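So the protein sequences, as listed, match chains R and F.
Residue numbers for the first sequence follow the numbering used here, beginning at 1 and rising by one.
Residue numbers for the second sequence follow the numbering used here, beginning at 1 and rising by one.
Even glycine gets a Cβ: it sits at the ideal position worked out from N, Cα and C.
Note that the coordinates shown come from a computational prediction; the quantities given were computed from them, not determined experimentally.
First comes the structure, then the notes that go with it.
Number of protein chains: 2
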Amino acid sequence: MKSKLIELNTIVEHDGILSVGEMKRDIPFEIQRVFYIYNVPSKNIVRANHASVNTDFFIHTVVGSVCIELFDGKNTTKFKLDKINKGVYVSKLTWIRVMDFSENAVLQVYANNTYEKCEYIKDINEYKKYILD
Amino acid sequence: MKSKLIELNTIVEHDGILSVGEMKRDIPFEIQRVFYIYNVPSKNIVRANHASVNTDFFIHTVVGSVCIELFDGKNTTKFKLDKINKGVYVSKLTWIRVMDFSENAVLQVYANNTYEKCEYIKDINEYKKYILD
Chain R
1 MKSKLIELNT
11 IVEHDGILSV
21 GEMKRDIPFE
31 IQRVFYIYNV
41 PSKNIVRANH
51 ASVNTDFFIH
61 TVVGSVCIEL
71 FDGKNTTKFK
81 LDKINKGVYV
91 SKLTWIRVMD
101 FSENAVLQVY
111 ANNTYEKCEY
121 IKDINEYKKY
131 ILD
Chain F
1 MKSKLIELNT
11 IVEHDGILSV
21 GEMKRDIPFE
31 IQRVFYIYNV
41 PSKNIVRANH
51 ASVNTDFFIH
61 TVVGSVCIEL
71 FDGKNTTKFK
81 LDKINKGVYV
91 SKLTWIRVMD
101 FSENAVLQVY
111 ANNTYEKCEY
121 IKDINEYKKY
131 ILD
């Protein structure tokens, strides 16, 4: 699996904490889009549940925690994301499920493409067929 | 003053809220660096208190609130930043002060340059001299 955890540089100062990500050095692509998912009303909700054909992501929580499950057609990996400076790089063509949103969780996603609805596969069987072909 | 408020597109869904920023469309530059400032221990602390010679910023709070004061050498403008989808674009050569951090505030800053210590002016008189020359 190409996806992997990435830690952002963090400096604890007397007047606060600073966490920094630089493009290419820390986040391995150029950002074309950022989005935030928040006010998720229940722990039972699963967000994403899709794969993107062309887009890589960097995903972390700014507040609170989530579980993220990644499936690349062969292997499944799960991460708990619960720190502002600990994110996961998710390569294109990975099936993504985000669940167990804690109350007040704010999930942030960086993407290397603008949004194109048609490049998302939303059916797991279609995804498996796509990835195996 | 070139700096201005920018609102990110926000979609309220049954399973959460989504706020999106696309480069150039919403955030008027290409991102080279992101950073977060958090765990600021007191309302009396002023962060930034400098100007950047070459870097533009997009600044917002993901959680909580701050006040941001911008000075372009002529005029001073103040904004309260208290929504994930309301940020301020700050052009280079603007003197920036961020204060009144609420408890648990997380400030996020997008920058169009990597970090170069030498491009920050940290003395207000030096800044005024630079901007007037």
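7 Å Cβ cutoff met for residue i and residue j
{"i": "Asp-90 of chain F", "j": "Tyr-36 of chain F", "result": "It should be noted that the sequence gives Val, not Asp, for residue 90 of chain F. Not in contact: Val-90 of chain F and Tyr-36 of chain F (Cβ atoms no closer than 7 Å)."}
{"i": "Arg-97 of chain R", "j": "Glu-69 of chain R", "result": "yes"}
{"i": "Asn-104 of chain R", "j": "Val-62 of chain R", "result": "no"}
{"i": "Tyr-38 of chain R", "j": "Ile-124 of chain F", "result": "no"}
{"i": "Glu-7 of chain R", "j": "Asn-85 of chain R", "result": "yes"}
{"i": "Met-1 of chain R", "j": "Asn-75 of chain R", "result": "yes"}
{"i": "Phe-101 of chain R", "j": "Val-40 of chain R", "result": "yes"}
Option in the options with minimal Cα separation from residue i
{"i": "Glu-119 of chain R", "options": "R:Lys-24, R:Glu-126, R:Lys-83 and R:Val-53", "result": "R:Val-53"}
{"i": "Tyr-115 of chain F", "options": "F:Thr-61, F:Asp-56 and F:Arg-25", "result": "F:Asp-56"}
{"i": "Trp-95 of chain F", "options": "F:Val-40, F:Lys-128 and F:Ser-19", "result": "F:Lys-128"}
{"i": "Met-136 of chain F", "options": "F:Thr-10, F:Ser-65 and F:Ile-27", "result": "The structure shown does not extend to residue 136 of chain F, since chain F spans only 1 to 133, so no value can be given for it."}
{"i": "Asn-113 of chain R", "options": "F:Val-20, F:Ser-102, F:Thr-76 and F:Thr-77", "result": "F:Val-20"}
{"i": "Lys-24 of chain F", "options": "F:Phe-71, F:Ala-111, F:Thr-10 and F:Gly-73", "result": "F:Ala-111"}
{"i": "Pro-28 of chain R", "options": "R:Lys-78, R:Phe-71 and R:Gly-87", "result": "R:Gly-87"}
{"i": "Lys-117 of chain F", "options": "F:Gly-73, F:Thr-77 and F:Ala-51", "result": "F:Ala-51"}
{"i": "Ser-3 of chain F", "options": "F:Ile-121, F:Asp-133 and F:Thr-77", "result": "F:Thr-77"}
Exposed unless 16 or more other CB atoms sit within 10 angstroms - verdict on residue i
{"i": "His-14 of chain F", "result": "exposed"}
{"i": "Ser-42 of chain F", "result": "exposed"}
{"i": "Val-12 of chain F", "result": "exposed"}
{"i": "Leu-5 of chain R", "result": "exposed"}
{"i": "Asp-26 of chain R", "result": "buried"}
Paired residues, beta bridge with residue i - DSSP
{"i": "Phe-35 of chain F", "result": "R:Val-20 and F:Val-109"}
{"i": "Phe-57 of chain F", "result": "F:Val-90 and F:Ala-111"}
{"i": "Ile-68 of chain R", "result": "R:Phe-79 and R:Val-98"}
{"i": "Ser-52 of chain F", "result": "F:Tyr-120"}
{"i": "Lys-4 of chain R", "result": "R:Tyr-89"}
{"i": "Arg-47 of chain R", "result": "R:Val-98"}
{"i": "Glu-13 of chain F", "result": "F:Gly-16"}
{"i": "Val-63 of chain R", "result": "R:Val-106"}
{"i": "Ile-27 of chain R", "result": "R:Met-23"}
Rounded Cβ spacing between residue i and residue j (contact assumed at less than 8 Å)
{"i": "Val-109 of chain F", "j": "Ile-31 of chain F", "result": "Wrong, their Cβ atoms sit about 10 Å apart, outside the cutoff."}
{"i": "Leu-93 of chain R", "j": "Ile-45 of chain R", "result": "Actually they do not touch by this definition, with Cβ atoms about 24 Å apart."}
{"i": "Cys-67 of chain R", "j": "Lys-80 of chain R", "result": "6 Å"}
Near the ligand COA: residue i beta-carbon under 6 Å from a heavy atom
{"i": "Tyr-89 of chain F", "result": "Questions concerning the ligand COA fall outside what the structure shown contains, since it holds no ligand whatsoever."}
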